[in-house]
Every structure is written in structure tokens, then in C-alpha cells.
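Visitor: Numbering (my numbering), first residue to last: 94 to 281. Even for Gly, the Cβ is constructed at its ideal location relative to N, Cα and C. Keep in mind the model is a prediction, meaning the values are calculated, not measured.
1. Could you please give the first and the last residue of the uninterrupted beta strand (DSSP E) stretch that includes residue 194?
2. Applying the 10 Å Cβ sphere with the 16-neighbour rule, what's the burial state of residue 129?
3. Do residue 188 and residue 203 have their C-beta atoms within less than 7 Å of each other?
4. Based on DSSP bridge pairs, tell me the residues matched to residue 130.
5. When the Cβ atoms of the stretch 176 to 193 are set against those of the stretch 216 to 236, are three or more pairs found closer than 8 Å?
6. According to DSSP, simplified to helix, strand and coil, what is residue 160?
7. Using 10 angstroms around the beta-carbon of residue 182, count the other beta-carbons present and answer buried if the total reaches 16, otherwise exposed.
8. Tell me where the beta strand (DSSP E) around residue 114 begins and ends.
9. Can you give the Cα-Cα distance for residue 153 and residue 196, rounded to whole angstroms?
10. Using alpha carbons as the reference points, say which of 186, 201, 124 and 160 lies closest to residue 222.
11. Assuming residue 116 contacts residue 146 (C-beta within less than 8 Å), just tell me the rounded distance between them.
12. For residue 226, which of 216, 156 and 207 has the nearest alpha-carbon?
13. For residue 172, report the span of its beta strand (DSSP E) as first-last.
14. Any idea what DSSP makes of residue 264, helix, strand or coil?
15. Specify, as a first and last residue, the run of the beta strand (DSSP E) that residue 223 falls within.
16. From 268, 267, 217 and 234, pick the residue whose C-alpha is nearest to that of residue 127; which is it?
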């Protein structure tokens, strides 16, 4: 009989909204409200695919967050681990995974796998993956989104080598021009 009284309470808890405050400035936040298959950012609602999501905030111990991320994947078939700036999902075989996120201005979520599809609806980004593992990190700026950490290092090294070669060739060209000018001056 007492269980009958608890059912409305349990239903209310199951459908309760989750509210996160995402930083948009030094002392300014906007509320991000997750309610079932709708995410509202600063009062504007956006529909989400009907999937079971686990919601995390980055960084996890903050009062106001840099990002709110919703994850949907086969929870029983995969392992989840979190870090202060991201998360990893590892599965025994390729699985469909969905990532939905809202990030502070100037931040984005970099994932080490290429998404099958990506979609933006206002401040809400949605990514679909079919992957064995997925490692995602919150990065500052858009440059980190295009390159993985190892590729970013390689690109930096190649950029430095290209700059050094450019300087060396410019020096050789200048030396050749000076020799030619010296030859012209001595023949006069």
C-alpha cells in the first residue's frame, strides 16, 4: 500500500529536469536545461533524438561549467571513463554512439574519431559515431577540433621545418644575388 504513494514521487523524479549553468563570460552563465528529449539553452528549446542519454558536465567539479555533454551508447556493451576535460568510451566491437553538447564560447569538443554525421542547432552540437572506442576532450578554440593531439604535434613540427627551410632558401638566394652583384662590380 505504501508503494502506491511512492509511485507519483518516483515518476516526478524520473522526469525531473537537469539544470546546468554554462559560462558565457567572466561572470556570466546561461542555464542549460535537459528535460527528456529537449535541451533548452537560455530559454530556447531544441529537440534531441529519442535516445537514452547520460549527461556529464566539464569540468565536473565546477559550479559553472565550460560544457554540458549528453552521451548515448550501448551502456551494457561499453566501458565509460571520465577525465576533468573529457571522457572515453571503449566497446568490444563497433557501436553506434551519439554525443550532444553545449560549450562555452571559444570552446569545442574534440573527438579522436571522425563523426559519421554532425549537426548544429544554435548552440547545440550533435555528433554520431560508429566506433570501437571514442576519446573526446574539451578544447579551447577551433584549431584543436581539426587535428588530433598527435597530428597537431606533427603539424607543428612540419610547420617549423617549413619555416626553417624557407629562411635557408631565402639566405641562399640572397647570397647568390650578392655574389652576382660582386661579380658585376669587379668586372667594371
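Guide: In brief:
1. Here residue 194 refers to the residue found at position 101 when the chain shown is read from its first residue. It spans 179 to 196 - the beta strand (DSSP E) in which residue 194 sits, taken as one unbroken run.
2. Against the chain shown, residue 129 aligns to sequence position 36. Exposed is the call here.
3. What you label residue 188 is simply residue 95 of the chain shown in a count that begins at 1. What you label residue 203 is simply residue 110 of the chain shown in a count that begins at 1. No; because the gap between Cβ atoms is not below 7 Å, this pair is not in contact.
4. To locate residue 130, count along the chain shown from 1; it is residue 37. Residue 130 is not bridged to any residue.
5. yes
6. Here the question's residue 160 lines up with position 67 in the chain shown. Reduced to three states, the DSSP call for residue 160 is strand.
7. Along the chain shown, read from residue 1 onward, the residue named residue 182 stands at position 89. By the Cβ neighbour-count rule, residue 182 is buried, with 16 or more other Cβ atoms within 10 Å of its own.
8. Translated into the one-based positions of the chain shown, residue 114 becomes position 21. From DSSP, the beta strand (DSSP E) with residue 114 extends over 111 to 118.
9. Within the chain shown, the letter at position 60 stands for residue 153. Within the chain shown, the letter at position 103 stands for residue 196. CA-CA distance, residue 153 to residue 196, rounds to 14 Å.
10. Here residue 222 is taken as the residue at index 129 of the chain shown, counted from 1. The candidate whose alpha carbon is nearest that of residue 222 is 186.
11. Along the chain shown, read from residue 1 onward, the residue named residue 116 stands at position 23. Along the chain shown, read from residue 1 onward, the residue named residue 146 stands at position 53. About 22 Å separates the beta carbons of residue 116 and residue 146, which is beyond the 8 Å limit, so they are not a contact pair.
12. Residue 226 sits at position 133 when you count from the first residue of the chain shown. Comparing Cα-Cα distances from residue 226 to each of 216, 156 and 207, the minimum goes to 207.
13. For the purposes of this step, residue 172 is identified with residue 79 of the chain shown, where counting begins at 1. Per DSSP, the continuous beta strand (DSSP E) segment holding residue 172 begins and ends at 171 to 176.
14. By one-based count along the chain shown, residue 264 stands at place 171. Residue state, collapsed to three classes: helix.
15. For the purposes of this step, residue 223 is taken as residue 130 along the chain shown, with counting starting at 1. Note, residue 223: beta strand (DSSP E), 217 to 233.
16. Numbered from its first residue, the chain shown carries residue 127 at position 34. Minimum Cα distance to residue 127 is reached at 217.
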